[in-house]
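Okay, so here's the structure we're looking at.
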Amino acid sequence: MNSRITQYCIIRNGKIFLNGEEFFSSDSPESPMVFFKSSLKHLNISYPKFYKMDSLSKLAFLASEVILIQDKERGSIPNDRVAVVLSNSVSCLDTDIEYQKTISDRNNYYPSPALFVYTLPNIMIGEICIRNKYQGENIFFCSEAFNADLIYSYVNMLLQTNKADKCITGWIDFLGNTYEAVLFLIEREGNSNTIEFNVENLNKLYKGI
Amino acid sequence: MEEEVFGLRSIMNVYIESDNIISPLGFTTEQNFSALLECRSGIKFHKDKKYSQNDFYGAIIDDISLDDHFSEMADPIVYTRFEKLCISSITGALKQSSIDVSSDRTVIILSTTKGNIDYLSESSEDMNPKVYLWNTAKFLKEYFKSRNDVLVVSTACISGISALLMGQRLIQSGIYDNAIVCGCDIFSSFVMSGFQSFQAISYSPCKPFDADRSGITLGEGCGTLIITNNQPVNRKKNIKISGGAISNDANHISGPSRTGDGLTKAIDKALGEAGVASDKIDFISAHGTATPYNDEMEAIAFATSGLLKSSVNSLKGYFGHTLGAAGTIESIVTLESMRQNMVIKSIGYETSGVSQKLNIAKSNIQTKLTHCLKTASGFGGGNAAIVFSKVENE
Numbered sequence: 617m618n619s620r621i622t623q624y625c626i627i628r629n630g631k632i633f634l635n636g637e638e639f640f641s642s643d644s645p646e647s648p649m650v651f652f653k654s655s656l657k658h659l660n661i662s663y664p665k666f667y668k669m670d671s672l673s674k675l676a677f678l679a680s681e682v683i684l685i686q687d688k689e690r691g692s693i694p695n696d697r698v699a700v701v702l703s704n705s706v707s708c709l710d711t712d713i714e715y716q717k718t719i720s721d722r723n724n725y726y727p728s729p730a731l732f733v734y735t736l737p738n739i740m741i742g743e744i745c746i747r748n749k750y751q752g753e754n755i756f757f758c759s760e761a762f763n764a765d766l767i768y769s770y771v772n773m774l775l776q777t778n779k780a781d782k783c784i785t786g787w788i789d790f791l792g793n794t795y796e797a798v799l800f801l802i803e804r805e806g807n808s809n810t811i812e813f814n815v816e817n818l819n820k821l822y823k824g825i
Numbered sequence: 056m057e058e059e060v061f062g063l064r065s066i067m068n069v070y071i072e073s074d075n076i077i078s079p080l081g082f083t084t085e086q087n088f089s090a091l092l093e094c095r096s097g098i099k100f101h102k103d104k105k106y107s108q109n110d111f112y113g114a115i116i117d118d119i120s121l122d123d124h125f126s127e128m129a130d131p132i133v134y135t136r137f138e139k140l141c142i143s144s145i146t147g148a149l150k151q152s153s154i155d156v157s158s159d160r161t162v163i164i165l166s167t168t169k170g171n172i173d174y175l176s177e178s179s180e181d182m183n184p185k186v187y188l189w190n191t192a193k194f195l196k197e198y199f200k201s202r203n204d205v206l207v208v209s210t211a212c213i214s215g216i217s218a219l220l221m222g223q224r225l226i227q228s229g230i231y232d233n234a235i236v237c238g239c240d241i242f243s244s245f246v247m248s249g250f251q252s253f254q255a256i257s258y259s260p261c262k263p264f265d266a267d268r269s270g271i272t273l274g275e276g277c278g279t280l281i282i283t284n285n286q287p288v289n290r291k292k293n294i295k296i297s298g299g300a301i302s303n304d305a306n307h308i309s310g311p312s313r314t315g316d317g318l319t320k321a322i323d324k325a326l327g328e329a330g331v332a333s334d335k336i337d338f339i340s341a342h343g344t345a346t347p348y349n350d351e352m353e354a355i356a357f358a359t360s361g362l363l364k365s366s367v368n369s370l371k372g373y374f375g376h377t378l379g380a381a382g383t384i385e386s387i388v389t390l391e392s393m394r395q396n397m398v399i400k401s402i403g404y405e406t407s408g409v410s411q412k413l414n415i416a417k418s419n420i421q422t423k424l425t426h427c428l429k430t431a432s433g434f435g436g437g438n439a440a441i442v443f444s445k446v447e448n449e
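Sequences listed follow chains A and B, in order.
The first sequence maps to residues 617 to 825 in the working numbering.
The second sequence maps to residues 56 to 449 in the working numbering.
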């Protein structure tokens, strides 16, 4: 039995797509920060922690909220059967650069723990887990480009060896003003009228819009 | 059909083929383990403005010794510090192994938090390409003439164990036969300043689980393990990865859970996969960073998982916290402990400073080690646990 891609979200160029349909479009696509804020508003979410996150985590958080819209049970009880497997090309370099600015001048030295903690690419996974009380398997890979083979192999192994029932997986990349999120919800016992989980479909959906 | 295939493969054994540690204590596993047996620590007092305006304790590899060692492989001037550590360690592990690094059945997995962080600048326009982790992976692929792309795992302090488990799982999935798992991080002002801003740096060499502990001592190093589905014939190499799991606290991004429930879940699942009851775990190589919250959280998790009888140590007092290398270096020491049936003294520990009665090693202990557990926990709420078991007469 093959697992299914039951939801997928793409965020690019000031637009959010859910399962191939436009979900939200920004009035100011040139500013990711404004776009992310208005997206949260559109999702009608009150979550103060969002404003403390770095850009990478904000992007990951938004994409995860979109693919979980229909999941009414999430966050109600701790769940160790949901895995989170994310990847990107630039790690958390955007925040690394911000942090570096705070320490490079000895006369203007102001490192802060609130910023430093985001100089790790797996923090965005932690943010998704905190929001949804997910305590399952989690890992972050770095690759030059979207690597459907690796994502498929690893996630399929988690599901087929019963280490998880569901997995949030995909690509979350942010540097400067360039960003891209392509996130999938994979379910081992997903509805058969959804998309089959395989390398070809991951690549097709990634390139899709 | 596919489920059946995976069902069968999930019990495929993955063995340790060879390993290497590069640290202030030496350039081979043997040199490092000898230092540990003599209770020598790699942590020293430093006055190096390159890393910190204030004097500090840290485990830093001597530049001259590193370049001396490295010059047997290549010209030290051409390579970055991070590259020199990875090349030295992977080469060291390969030397003791018969696996072919250039085979399409072999994959290299790099575990690191920050890679070439010393090349980071303050703007994204004039970025040195060396800071991209994927670029470091490409560099290693070319250097070792690997057929497959080098994979990169970066999950803070649990990176090393995560990378090892990833290697085991990809082998069990039938994608590769061998994995070269290399964990590495260098000492940097970037990371030092960050932990200083958290007020998390110890005033003395760190004292894991001790009543007087006051925080972390940072370190640098590289640890490489070669793992394979092909049972090694050498008697010395008779250990397998019998189980493992990764979990998340889902509690806080920079503080461990007070209840230790995330780590408990990882441990219980790892023991379950290994088929080893908690009272059969002879020894635990803990994460033991020596921050007040981490060590207490670990103690609670070990108690909850029924592990209070097992001997415990933390190796942070020897190597410092080596971040992306910690999981691999400390796993290798665990393996060498198993081979020599010797639990290493948990240096820096005198009086218990945690609420649970852990059995922390106050001296080196010669004892039979059959099943051992290595754990890690870190920023982002991640926890990882791996079980190593001796293979008897298989």
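Cβ coordinates follow ideal geometry from the N, Cα and C atoms, glycine included.
The structure displayed is predicted, hence computed values, not measured ones.
Could you compute how far the alpha carbon of residue i sits from the alpha carbon of residue j?
{"i": "A:Lys668", "j": "B:Phe194", "result": "35 Å"}
{"i": "A:Tyr726", "j": "B:Gln251", "result": "11 Å"}
{"i": "A:Tyr686", "j": "B:Ser392", "result": "Correcting the residue type first, residue 686 of chain A is Gln in the shown sequence and not Tyr. Rounded to the nearest angstrom, the two C-alpha atoms are 50 Å apart."}
{"i": "B:Leu326", "j": "B:Val388", "result": "20 Å"}
{"i": "B:Val60", "j": "A:Tyr624", "result": "Any reading at B:Val60 is ruled out, since the residue's pLDDT is 44, under 50, leaving its predicted position unreliable."}
{"i": "A:Gln716", "j": "B:His426", "result": "43 Å"}
{"i": "A:Asn793", "j": "A:Ser671", "result": "10 Å"}
{"i": "A:Ile767", "j": "A:Phe790", "result": "19 Å"}
{"i": "B:Ile420", "j": "A:Gly691", "result": "46 Å"}
{"i": "B:Glu44", "j": "B:Asp122", "result": "A query on residue 44 of chain B cannot be resolved here, the shown segment of chain B reaching from 56 to 449 and no further."}
{"i": "B:Ser432", "j": "B:Asp316", "result": "12 Å"}
{"i": "A:Gly630", "j": "A:Ser705", "result": "20 Å"}
{"i": "B:Glu353", "j": "B:Ser209", "result": "22 Å"}
{"i": "B:Tyr187", "j": "B:Lys412", "result": "44 Å"}
{"i": "B:His342", "j": "A:Glu646", "result": "44 Å"}
{"i": "B:Glu351", "j": "B:Ser444", "result": "27 Å"}
Report the option in the options whose CA atom is closest to the CA atom of residue i.
{"i": "B:Asn203", "options": "B:Ala440, B:Asp155, B:Val186, B:Lys99", "result": "B:Asp155"}
{"i": "A:Val815", "options": "A:Asn809, A:Gly806, A:Ile802", "result": "A:Ile802"}
{"i": "B:Glu405", "options": "B:Lys200, B:Asp181, B:Lys445, B:Asp265", "result": "B:Asp265"}
{"i": "A:Phe762", "options": "A:Ser808, A:Pro737, A:Lys823", "result": "A:Lys823"}
{"i": "B:Ser244", "options": "B:Ser257, B:Ser432, B:Gly113", "result": "B:Gly113"}
{"i": "A:Ile627", "options": "A:Ser619, A:Asp721, A:Leu799", "result": "A:Leu799"}
{"i": "A:Pro729", "options": "A:Asn723, A:Asn635, A:Thr711, A:Lys657", "result": "A:Thr711"}
{"i": "B:Phe100", "options": "B:Asp316, B:His124, B:Ile115, B:Leu91", "result": "B:Ile115"}
{"i": "A:Leu709", "options": "A:Pro737, A:Gly630, A:Ser654", "result": "A:Pro737"}
{"i": "B:Leu424", "options": "B:Asn171, B:Ile399, B:Ser201", "result": "B:Ile399"}
{"i": "B:Asn190", "options": "B:Ile66, B:Leu206, B:Met221, B:Leu413", "result": "B:Leu206"}
{"i": "A:Tyr750", "options": "A:Glu760, A:Val698, A:Asp765", "result": "A:Val698"}
{"i": "B:Ser418", "options": "B:Glu93, B:Ser248, B:Asp103, B:Ser152", "result": "B:Glu93"}
{"i": "A:Lys653", "options": "A:Lys688, A:Ser673, A:Asn819", "result": "A:Ser673"}
{"i": "B:Ser73", "options": "B:Ser201, B:Ile119, B:Ser386", "result": "B:Ser386"}
{"i": "B:Glu127", "options": "B:Tyr134, B:Asp118, B:Ser143", "result": "B:Ser143"}
Can you look up residue i in the DSSP assignment and give me helix, strand or coil?
{"i": "B:Val207", "result": "strand"}
{"i": "B:Ser166", "result": "strand"}
{"i": "B:Lys415", "result": "Sequence inspection shows Ile at residue 415 of chain B; the Lys mentioned does not correspond to that position. Strand, per DSSP."}
{"i": "B:Ile238", "result": "Checking the displayed sequence, the identity of residue 238 of chain B turns out to be Gly instead of Ile. Here B:Gly238 sits in strand by DSSP."}
{"i": "B:Arg224", "result": "helix"}
{"i": "B:Ser73", "result": "strand"}
{"i": "A:Val682", "result": "helix"}
{"i": "B:Arg313", "result": "coil"}
{"i": "B:Asp265", "result": "strand"}
{"i": "B:Thr83", "result": "coil"}
{"i": "B:Ala358", "result": "helix"}
{"i": "B:Ala129", "result": "coil"}
{"i": "A:Gly806", "result": "coil"}
{"i": "A:Gln751", "result": "coil"}
{"i": "B:Asp122", "result": "helix"}
Since residue i and residue j are thought to touch, with beta carbons under 8 Å apart, how far apart are those beta carbons, to the nearest angstrom?
{"i": "B:Ser217", "j": "B:Ala439", "result": "6 Å"}
{"i": "B:Arg95", "j": "B:Ile241", "result": "About 22 Å separates the two Cβ atoms, so there is no contact after all."}
{"i": "B:Ser340", "j": "B:Ala416", "result": "Not a contact, Cβ separation roughly 10 Å."}
{"i": "A:Ala797", "j": "A:Ile788", "result": "5 Å"}
{"i": "B:Gly276", "j": "B:Thr344", "result": "15 Å between Cβ atoms; not a contact."}
{"i": "B:Ile76", "j": "B:Ile384", "result": "5 Å"}
{"i": "A:Gly786", "j": "A:Leu702", "result": "7 Å"}
Under 8 Å between beta-carbons, which chain E residues line up against residue i? List them in chain order, please.
{"i": "B:Ser178", "result": "Of the chains in the structure shown, none is chain E; the protein chains are A and B."}
| message | Assess contact between the segment 743–753 of chain A and the segment 301–312 of chain B, defined as three or more Cβ pairs (one per stretch) separated by less than 8 Å. Is contact present? | response | yes
| field | Meets three-Cβ-pair contact criterion under 8 Å: the segment 210–230 of chain B and the segment 748–757 of chain A | value | yes
| Cβ pair count under 8 Å reaching 3, the segment 232–241 of chain B against the segment 153–172 of chain B | yes
| task | Take every Cβ of the segment 772–785 of chain A, pair it with every Cβ of the segment 273–289 of chain B, and state whether three or more of those distances are shorter than 8 Å. | result | no
| request: Decide yes or no for the touch test of the segment 356–371 of chain B against the segment 329–339 of chain B: beta carbon pairs closer than 8 Å, at least 3 of them. | output: yes
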